[in-house]
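Visitor:
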Amino acid sequence: MTPEVLTEDLRRLIFSIPSIPHLEAILLIRGSGASWDAPRLAQRLYLPVERTAGILGDLAVARICAVEPAAGASHRYAPSTAELDTLIGSLERYYSQNLIEVTNMIHASLRRHSRIREFADAFKWDRKKP
Numbered sequence: 117m118t119p120e121v122l123t124e125d126l127r128r129l130i131f132s133i134p135s136i137p138h139l140e141a142i143l144l145i146r147g148s149g150a151s152w153d154a155p156r157l158a159q160r161l162y163l164p165v166e167r168t169a170g171i172l173g174d175l176a177v178a179r180i181c182a183v184e185p186a187a188g189a190s191h192r193y194a195p196s197t198a199e200l201d202t203l204i205g206s207l208e209r210y211y212s213q214n215l216i217e218v219t220n221m222i223h224a225s226l227r228r229h230s231r232i233r234e235f236a237d238a239f240k241w242d243r244k245k246p
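Residue numbers (our numbering): 117 to 246.
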């Protein structure tokens with residue numbers, strides 16, 4: 117198998133993924149070709165249904181999945197563009213070859229966002245204090 121290259125677009129996609137469960141959900145939904153509802157996906161991800169419903173909502177907002185109203189709250193893989201589908205295919209291959217690196221990138225992104233939030237929160241002044 118030819119190693120997948122970490123392009124700048126792929127790097128940006130990885131850093132935009134909010135969590136490992138989001139990544140796993142994307143890959144499960146893409147790989148199955150079937151529709152997924154929150155209870156079924158929660159069972160596969162070992163997460164509470166409420167959290168999984170949030171992940172599915174995030175993937176719909178990101179235009180990676182589409183909601184199928186006729187099937188309740190089921191979601192199917194439906195990237196908004198062919199380029200996004202190709203990029204997610206690259207992600208799937210890169211992740212299979214570089215699991216630890218991708219996991220570390222997502223965790224580093226989460227820590228960076230957390231530090232930015234902590235920094236911003238440090239400048240919030242309590243109006244009750246003189």
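Backbone N, C-alpha and C fix where the C-beta goes; we use that ideal spot for every residue, glycine too. The structure presented is a predicted model; accordingly, all values stated were derived computationally and were not measured.
(1) Looking at L175: is its Cβ nearer than 8 Å to the Cβ of D125?
(2) Leaving out five residues on either side along the sequence, give the residues of the same chain with a beta carbon under 8 Å from the beta carbon of P119.
(3) Per the contact definition of three or more C-beta pairs closer than 8 Å, is the region 125 to 142 in contact with the region 216 to 223?
(4) Measure the alpha-carbon distance for P195 versus L163 and round it to whole angstroms.
(5) Give me the Cβ distance between L172 and A154, rounded to the nearest whole Å; I'm assuming they're in contact under 8 Å.
(6) Where A141 and T168 are concerned, what is the direct C-alpha to C-alpha distance, given to the nearest angstrom?
(7) Within 10 angstroms of its Cβ, does A150 collect 16 or more other Cβ (buried), or is it exposed?
(8) So, helix, strand or coil for R179, using DSSP?
(9) Which term fits A186, buried or exposed, when burial requires 16 or more other beta carbons within 10 angstroms of its beta carbon?
Guide: Answer, in terms of the structure:
(1) Contact flag unset, no.
(2) Q213
(3) yes
(4) When rounded, the distance between both Cα atoms is 24 Å.
(5) So it is a contact: roughly 6 Å between Cβ atoms.
(6) 9 Å
(7) exposed
(8) coil
(9) exposed
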